[in-house]
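*Asks:* First residue of the sequence shown: 1, per this note's numbering; consecutive thereafter.
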Amino acid sequence: MKIISKTAKSDIATVYIAEINGKHIEFVESIQPPLPKQDKWVLIISTLFGCPVGCKMCDAGSFYHGKLSKKEMLAQIDYLISKYYDDKNIPVKKFKIQFARMGEPSFNPAVIDLLDELPSLYNAPGLIPSISTVAPCGNEDFFTRLLEVKNKHYRNGKFQLQFSLHTTDEKLRDQIIPIKKYNFTEIAEYGEKFYTSGDRKITLNFALEKNYKFDVQQLKKYFDPKIFAIKITPINPTLNATKYKLESYIKTDINDDNHRLVDKLQACGYDTLFSVGELEENKIGSNCGQYIKRYFDAGKRITGAYEYDLIEDGAVTL
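(1) Give the range of the alpha helix (DSSP H) segment to which histidine 65 is assigned.
(2) Go ahead and label cysteine 51 buried or exposed: buried means 16 or more other beta carbons lie within 10 angstroms of its beta carbon, across all protein chains shown.
(3) If we ignore side chains and look at the alpha-carbon of each, how far apart do aspartate 215 and aspartate 86 end up?
(4) Can you list, in chain order, the residues of its chain whose CB lies under 6 Å from that of valine 262, leaving out five sequence neighbours each side?
(5) Are the beta-carbon atoms of serine 46 and isoleucine 25 separated by less than 9 Å?
(6) Pairs of beta-carbons, one from the segment 17 to 36 and one from the segment 137 to 146, closer than 8 Å: are there three or more?
(7) What does DSSP give as the partner residue(s) for leucine 43 in the beta ladder?
(8) Taking the CB atoms as reference points, tell me whether lysine 93 and glutamine 160 lie closer together than 9 Å.
(9) Report yes if the CB atom of leucine 121 is closer than 9 Å to the CB atom of threonine 168, and no otherwise.
(10) Starting from lysine 158, follow the beta strand (DSSP E) in both directions and report where the run begins and ends.
(11) Where DSSP assigns a beta bridge to alanine 8, which residues make up the other side?
(12) Given glycine 269, which residues of its chain have a CB within under 6 Å of its CB, disregarding the five upstream and five downstream residues?
(13) Which residues in the same chain have their Cβ closer than 6 Å to the Cβ of isoleucine 177, if we skip the five residues on either side of it in sequence?
(14) Could you name the residues that DSSP lists as bridge partners for glycine 50?
(15) Of all Cβ atoms in chain B, is any one closer than 9 Å to the Cβ of tyrosine 154?
(16) How big is the Cα-Cα spacing for alanine 60 and glycine 103?
(17) Is the segment 204 to 212 close to the segment 231 to 238, with three or more CB pairs under 8 Å?
(18) Can at least three beta-carbon pairs, one atom from the segment 110 to 126 and one from the segment 62 to 73, be found at a separation below 8 Å?
(19) By the DSSP assignment, the beta strand (DSSP E) with lysine 193 in it spans what residues?
(20) Put isoleucine 20 into one of helix, strand or coil per three-state DSSP.
(21) Using 10 angstroms around the beta-carbon of aspartate 141, count the other beta-carbons present and answer buried if the total reaches 16, otherwise exposed.
(22) Just mark tyrosine 244 as buried or exposed, buried being the case when its beta carbon has 16 or more other beta carbons within 10 Å.
(23) For the beta strand (DSSP E) containing asparagine 89, list its first residue and its last residue.
(24) When you compare each of Tyr190, Lys213, Thr14 to arginine 101 by their alpha carbons, which one comes out closest?
(25) Suppose you measure from the CA of aspartate 246 to the CA of asparagine 123; what does that come to, to the nearest Å?
(26) Does the Cβ of proline 129 lie closer than 8 Å to at least one heavy atom of the ligand MN?
(27) So what's leucine 318 in DSSP terms, helix, strand or just coil?
(28) What are the start and end residues of the alpha helix (DSSP H) that includes alanine 241?
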């Protein structure tokens with residue numbers, strides 16, 4: 001793996017673009033101010049070379065060149081860990097590894113192989129892996145094995161599973177995420193098998209566009225608040241979001257409309273998180289999609305995003 005470029009604000013996040021056998025990925029390390037890295041450190045790695053899904057707000061779907069091997073995914077993690085913890089002892093209270101940068105992880109069985117091996121590779125008591133998925137159909141073996149590995153290694157709050165829904169209207173969801181995928185009933189049924197007492201609740205993520213339908217009663221029809229939590233995030237200023245003229249429901253603050261939505265969700269029993277990241281993360285590119293698209297699209301910029309200059313690096317790791 002060769003690091004070919006990066007963009008950074010070191011006290012928030014760094015995005016790395018890397019080349020592997022002529023194909024390209026990116027991965028990220030970040031902290032969450034005001035927390036120091038010793039309290040929370042997040043690594044976000046790629047599982048595919050691009051992505052075949054093509055979600056409307058995501059820049060990763062502009063190309064797809066196959067799956068990363070377990071070794072290639074591990075190289076991203078090792079590169080970041082070796083910068084700070086050569087001995088592989090990681091004294092971070094909350095050490096999250098998110099399989100969520102480039103690529104739908106359930107298309108890559110090697111993700112499960114890596115999850116199965118991770119606890120033996122590092123001394124990391126705070127390790128919390130995280131999978132974010134749109135739940136494509138045809139990947140039943142992946143989800144069966146994911147449940148097995150969670151029960152083997154990551155019980156009692158040591159794993160975070162997230163499903164990307166983005167709207168409570170299933171027909172609209174088909175437009176936003178244009179592949180065949182689990183419907184709400186199937187996601188709910190899997191979640192009920194996956195969750196056991198002491199686990200983190202399964203997150204239903206909504207990158208909510210201003211005009212997307214969001215019906216709390218529709219959620220309650222399918223998803224048990226004892227098992228599922230709700231996360232509302234902005235539609236960040238990606239190149240694709242700009243292309244499709246998507247306007248985020250959440251702006252830069254929590255306004256009265258947001259409070260009313262939270263009240264409705266909490267009245268139905270849902271744990272609810274409005275996740276508005278540091279605005280600087282949009283400029284860095286860590287918070288809003290795939291910087292690699294700008295890298296290969298002649299340095300395209302968007303107002304409010306991808307504004308940090310790319311730095312040629314040239315560092316080589318194995």
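From the three backbone atoms N, C-alpha and C, an ideal C-beta is built for every residue, glycine too.
*Replies:* Concretely, from the data shown:
(1) It is not in any alpha helix (DSSP H) - histidine 65 instead sits in the beta strand (DSSP E) that spans 64 to 67.
(2) buried
(3) 49 Å
(4) Thr272
(5) yes
(6) no
(7) Glu29, Ile97
(8) no
(9) no
(10) Premise fails: lysine 158 is in no beta strand (DSSP E) and is neither H nor E.
(11) Thr14
(12) Pro225
(13) Cys55, Val134
(14) Tyr64
(15) Chain labels in this structure do not include chain B; a single protein chain is all it has.
(16) 7 Å
(17) yes
(18) yes
(19) No beta strand (DSSP E) contains lysine 193, which is instead part of the alpha helix (DSSP H) from 184 to 194.
(20) strand
(21) exposed
(22) exposed
(23) From DSSP, asparagine 89 is part of no beta strand (DSSP E); its letter is neither H nor E.
(24) Thr14
(25) Looking at the sequence itself, residue 246 is leucine, so the reference to aspartate does not match. Near 43 Å, if we compare the C-alpha coordinates of asparagine 123 and leucine 246.
(26) Ligands in the displayed structure: none, and consequently the ligand MN is not present.
(27) Because leucine 318 carries a pLDDT of 45, less than 50, the predicted location of this residue cannot be relied on, and no value is offered for it.
(28) 239 to 243
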